[in-house]
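One structure is given below, encoded as structure tokens.
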Amino acid sequence: MLTDIEIAQKATLKHIREVAEKLDIVEDELDYYGKYKAKLSDELWDRVKDNKDGKLVLVTAINPTPAGEGKTTTTVGLGQALALRDKKAVIALREPSLGPCFGLKGGASGGGYAQVVPMEDLNLHFTGDFHAITSANNLLAAMLDNHIHQGNRLNIDPNQIVWKRCLDMNDRVLRNIVVGLGRKADGVVREDHFIITVASEIMAILCLADDMEDLKRRLSRIIVAYTYDGKPVTANEINAVGSMAALLKDAIKPNIIQTLENTPAIVHGGPFANIAHGCNSVRATKTALKLADIVVTEAGFGADLGAEKFFDIKCVSAGLKPDGVVLVATIRALKYNGGATKKNLGQPDLEALKKGIVNLEKHIENLKNYNVPVVVTLNRFSTDTEEELAFVKEFCEERECDFAISEVWEKGGEGGLALADKVIEMLDTKKSSFAPLYPLSLSLKGKIETVAKRIYGADSVTYDSQAEKMLQKIEEMGYGEVPVCMAKNQYSLSDDPTKLGRPEGFSIHIREVYISAGAGFVVAITGTVVTMPGLPLVPAAEKIDVDKDGFITGLF
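Start counting at 1 in the sequence shown, then tack on 843, and there's your number in my numbering.
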């Protein structure tokens, strides 16, 4: 069997102009980045903005496991299958971060015969969006430190600086650093921090902004520090908004590429779902809805993270109303949730499956909280038995969920036809009555506890004293009526990654809280989750190489 990168490198790509024509995009509405990728121009949006919206389908998953679930693969394969059913379809994805590409998880372009291409470009520098976001973030940090060095007109307390530098790479030693060492001319000595670029508020702002004017409004509201008397200081007061916006001028435009079967794919933005809001850009999704009859999008990690944030942050912020959800699982992952060891996941084990399927059950219940129809799909492996497949099918149908088996990794769009038919049937026969989980008028604590109890299944929520004080301060500052963005490990419904399946009798602990005023939400950090990941014992970077002809190997 060929590796993912080998499959991608053997693909026959069409010029991006031909791919865009499937969505009635003309050449003058494309800004080319070579032959196979382009940005969508502002002129395109101006032309299509009054078109009727297509149907919006979210693809999400159970909690991720080492066994793999294949959420992005399913998203890509479903888009290809819908095209085979003569539907005008487009997929809308996030851009991959370099952190997991060189770390543990690998890239985010799908897998097997359900990939977006050019795979190497997408997983590495792509069109430079992440570099622009990193530069804008760090420009603001530099201007903030320079302001203090040059006299500190705004009376900023160096011990209350909350804006962090960022880097799109897993680098644990940068989590906590000291800056300003050396001579007086080298700045004020203080503790500083790095986060990964995908956790930056600039990333969230880019993904939630409608246009350049909205982007600049959001950038101006960013809180970077507090004064000695506790007043917030914004990016606008640092006079950084115009220069940051200039760096983001091209990055705000969505990117278009293609799948292995030449289906259009709009790929833009990339916040992580465990430490950020986990969805591609509003601008990309809205553009896709104006161009296609069916838009298939995804949100990161399990439905407790990505889907919850898609519904309660992105949809609320952008006024989106999803028409249905595809929930991805695998027999192997469900058995892992039921206690089977990784090395035995290929062995028939109906008892482990019965124990682990409670994880799927909880995600079904959670999605139904939002009043959207759900299709469950099993990403099929060759080791799955008919008895195991039948058990999951019956389990889902008893809970009034449509069910389909997906084989897109092995067969591409042809392997997704059963799923595509179920999605088409869902869109034709079932009406979504989407509603968010909580009203924005609810207190911040009320929102946190609603997510913790109704989505995670927690009994209670506890808070560090500083987190409690910050929640009170944020509400006093006038930011009480915004959504909450929960930063939580992705492996468990709880804040303890070792509690698999459907844990009960646990408490969620809120360690830290801060306001992302530009993005328009409050971040609540739970458990031990960190905003700058580290590399594993054997990073994927050790296996990546390029030969004298520029041929890359080892990406996955």
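Beta carbons: idealized from backbone N, C-alpha and C, even for Gly.
Taking the continuous beta strand (DSSP E) assigned at residue i, which residues delimit it?
i, result
"A1172", "1167-1172"
"S1303", "1303-1306"
"N1013", "First-last for N1013: undefined, no H or E at that position."
"R860", "Per DSSP, R860 belongs to no beta strand (DSSP E); it is in the alpha helix (DSSP H), 859-864."
"E1034", "1033-1039"
"I848", "Note, I848: premise wrong, no beta strand (DSSP E); alpha helix (DSSP H) at 847-852."
"I999", "999-1004"
"T1341", "No beta strand (DSSP E) contains T1341, which DSSP labels as neither H nor E."
"Y875", "873-875"
"I1099", "1098-1102"
What is the C-beta distance between residue i and residue j, in whole angstroms, given that I count them as a contact (C-beta under 8 Å)?
i, j, result
"Q1190", "V862", "Between V862 and Q1190 the Cβ distance is about 43 Å, and since that is not below 8 Å, they are no contact."
"G1113", "F973", "7 Å"
"L1177", "G1199", "4 Å"
"I927", "E1257", "It should be noted that the sequence gives Leu, not Ile, for residue 927. With 8 Å as the limit, L927 and E1257 qualify as a contact, their Cβ atoms being about 7 Å apart."
"R1018", "V1327", "About 23 Å separates the two Cβ atoms, so there is no contact after all."
"D1166", "S1275", "5 Å"
"I1358", "A1367", "About 11 Å separates the two Cβ atoms, so there is no contact after all."
"A1068", "V1005", "6 Å"
"G1344", "N1202", "5 Å"
"F1144", "Q1333", "4 Å"
"K865", "P1107", "6 Å"
"A1135", "A932", "6 Å"
"L921", "V1139", "5 Å"
When DSSP labels each residue in this structure, what does residue i get in the three-state scheme?
i, result
"S1160", "helix"
"M1329", "strand"
"A1383", "helix"
"T1077", "strand"
"P943", "helix"
"I1065", "coil"
"R1018", "coil"
"R1354", "strand"
"F1277", "coil"
"L1024", "coil"
"T1272", "helix"
"G954", "strand"
"A1083", "coil"
"F1154", "helix"
"I1298", "helix"
"K882", "strand"
"V1373", "coil"
"D1388", "strand"
"V869", "coil"
"A1261", "helix"
"A1089", "helix"
"A1310", "helix"
"L936", "strand"
For residue i, which residues from the same chain have a beta carbon less than 7 Å from its beta carbon, with the 5 sequence-adjacent residues on both sides left out?
i, result
"R812", "Look at the range of the chain in this structure, 844 to 1399, and you will see that residue 812 is not part of it."
"M1376", "Looking at the sequence shown, residue 1376 is not Met but Pro. Correct list, in chain order: G942, G946, N1013, I1039."
"A1384", "F945"
"P1001", "I991, V1031, R1033"
"D1057", "none"
"R1223", "I1248, S1249, E1250"
"D1053", "V1125, R1126"
"L1221", "A1172, T1173, I1174, L1232, V1235, I1248, S1249"
"Y1306", "I1353"
"V1304", "I1291, E1292, A1295, S1350, I1351, I1353"
Quick one: residues in its chain with C-beta nearer than 6 Å to the C-beta of residue i, no 5 flanking neighbours on either side, listed in chain order?
i, result
"L1091", "A975, A979"
"A1150", "T903, A1142"
"Y1071", "N998, D1000"
"T1396", "D1388"
"E1231", "I1174, L1196"
"A1089", "none"
With respect to the alpha helix (DSSP H) encompassing residue i, which residues constitute its N-terminal and C-terminal limits?
i, result
"E1292", "1287-1293"
"F973", "972-992"
"L1010", "L1010 -> not in any alpha helix (DSSP H); beta strand (DSSP E) instead, spanning 1008-1010."
"L965", "962-966"
"L1051", "1044-1051"
Leaving out five residues on either side along the sequence, give the residues of the same chain with a beta carbon under 8 Å from the beta carbon of residue i.
i, result
"E1324", "L1283, S1284"
"I1207", "L1170, V1217, V1219, C1239, R1242, C1244"
"C1158", "K1164, P1165, F1277, P1279"
"A910", "T1173, R1175, A1176, K1178, Y1179, K1185, L1188"
Taking CB distances under 8 Å as the criterion, tell me whether residue i reaches chain C.
i, result
"T1341", "Note that chain C does not occur in the displayed structure, where there is just one protein chain."
| message | Quick check for students: name the residue ranges of the beta strand (DSSP E) that lie wholly in the stretch 1166-1252, counting only runs of 3 or more. | response | With a minimum length of 3 residues, the continuous beta strand (DSSP E) runs that stay inside the stretch 1166-1252 are 1167-1172, 1217-1222, 1245-1249.
| request: Could you name each continuous alpha helix (DSSP H) segment of 4 residues or more that falls completely within the stretch 889-934, going from the start of the chain to the end? | output: For secondary structure counted as the alpha helix (DSSP H) over 4 or more consecutive residues, the stretch 889-934 holds these complete runs in sequence order: 914-927.
| said: List, from N- to C-terminal side, the beta strand (DSSP E) runs of 3 residues or more that fit wholly inside the stretch 1106-1149. | reply: Listed in chain order, they are 1107-1110, 1137-1141.
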